[in-house]
Every structure is written in structure tokens, then in C-alpha cells.
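Take a look at the structure set out below.
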Amino acid sequence: MGTLMIQGTTSDAGKSALVTAICRVLHRRGIKVAPFKPQNMALNSAVTAEGGEIGRAQALQAQACGLEPHSDMNPVLLKPNSDTGCQVIIHGKALGNMAAKEYHHYKKTALQAVLASHQRLQQQYEMVIVEGAGSPAEINLREHDIANMGFAEAVDCPV
Numbered sequence: 001m002g003t004l005m006i007q008g009t010t011s012d013a014g015k016s017a018l019v020t021a022i023c024r025v026l027h028r029r030g031i032k033v034a035p036f037k038p039q040n041m042a043l044n045s046a047v048t049a050e051g052g053e054i055g056r057a058q059a060l061q062a063q064a065c066g067l068e069p070h071s072d073m074n075p076v077l078l079k080p081n082s083d084t085g086c087q088v089i090i091h092g093k094a095l096g097n098m099a100a101k102e103y104h105h106y107k108k109t110a111l112q113a114v115l116a117s118h119q120r121l122q123q124q125y126e127m128v129i130v131e132g133a134g135s136p137a138e139i140n141l142r143e144h145d146i147a148n149m150g151f152a153e154a155v156d157c158p159v
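Start counting the sequence shown at 1; every next residue gets the next number (UniProt numbering).
Laid out in C-alpha cells, this is it:
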């Protein structure tokens, strides 16, 4: 079946709830489905069985799919720790703290982690439901985007 990406016009537009619902419907229909959020910025996280950290919404989405949460479901987690910086978590493990400008330069590397996680999920599941982040219309974030259209274009999935 493949990959489908859900995007919204703003943060808090209901993307997480919609992805959770789609995952649940597909799971109930007997389709092997997994959730995926390339990059998430959140203070709240969940711990996976392997000890990694992912966004709480992705952990709930995994449950909707009848799955144990896994770090591949949210390969890049950003936990804000100042007005201009965050703790960067890649594949569930803390990489360190980065200022916004530093992370912007790191995004090309982060994209490789995102693509590797997506590929692993695609090989294991019939369908991967992707949740975008914030708004794809934030033109100041467009360069090196790994959370919305940058990801969708990289994997050639419908939005």
C-alpha cells in the first residue's frame, strides 16, 4: 500500500488525532499499519521498550495500531530547553543540546536518520501513516525541511 502523509495548516490543527484515528481504522481492517512522525518538538515524551524516547502522540498512535512504540516511529525528537535551543534526540537517544542555528545546519544529517527509520517501517508494514509538524506553509522553515513537504518529496508520498 505505501505511505500517506497528513499535514495541517497550523500547530494544534488535529493532525495527531487524525493520524491516530486513521491508524486505528486501518488496524481494525486487518492492515499492518505503523505511525511515523519524522520530527517532533515536544517536552512530553514516552519511553519505548528498548529505552528510547519518542513523542507521546506517536506512542499513542502505536497503541492504536496494536504495536509497541518504537524509536523509528519518531526518529527526531526536539525537547526545548531554552528560548533558542533544544535537546536533540535521534533514534530515541539524546545526541546533545543544540541552538536553533546549530540544529538548522544539522538537519541534513537528521534527514538521513528520518529516511532510514521510514525505510525500516516501510519494509515491516503495509501502510505507514505520517504526521507532519506545525504548518508546511512556514516559509522560514522550508529550507532543509524534514518534517513536512521536504520529507514528502524525499519519499514521494501523497499528502
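Where a beta carbon is used, it is the ideal one built from N, C-alpha and C, also for glycine.
{"query": "Rounded straight-line distance, which links the Cα of methionine 41 to that of methionine 98", "result": "13 Å"}
{"query": "Serine 82 burial status per 10 Å Cβ neighbour count (16 or more: buried)", "result": "exposed"}
{"query": "At least three beta-carbon pairs within less than 8 Å, the segment 90 to 105 to the segment 119 to 138", "result": "no"}
{"query": "Member of Pro80, Ala64 and Arg56 whose CA lies at the smallest distance from the CA of serine 71", "result": "Arg56"}
{"query": "Segment contact flag, the segment 100 to 115 with the segment 14 to 21, C-beta cutoff 8 Å, min 3 pairs", "result": "no"}
{"query": "Whole-angstrom distance between lysine 79 and leucine 43, CA atom to CA atom", "result": "5 Å"}
{"query": "Nearest neighbour of methionine 127, chosen from Tyr103, Arg28, Lys32 and Phe151 [CA to CA]", "result": "Lys32"}
{"query": "Short Cβ contact (8 Å threshold) for alanine 62 with glutamate 53", "result": "no"}
{"query": "Cβ pair alanine 147, glutamine 39 closer than 8 Å", "result": "yes"}
{"query": "Simplified DSSP assignment, three categories, for glutamate 153", "result": "helix"}
{"query": "Per-residue burial, aspartate 156 [other beta carbons within 10 Å of its own, 16 or more giving buried]", "result": "exposed"}
{"query": "CB-CB length for phenylalanine 36 against histidine 144, believed under 8 Å", "result": "The pair is not a contact, with the Cβ atoms about 19 Å apart (cut-off 8 Å)."}
{"query": "Alanine 59, DSSP secondary structure in three states", "result": "helix"}
{"query": "Three-state secondary structure (DSSP) of cysteine 23", "result": "helix"}
{"query": "Boundaries (first-last residue) of the alpha helix (DSSP H) holding valine 114", "result": "100 to 124"}
{"query": "Start and end residues, beta strand (DSSP E) containing glutamine 87", "result": "85 to 90"}
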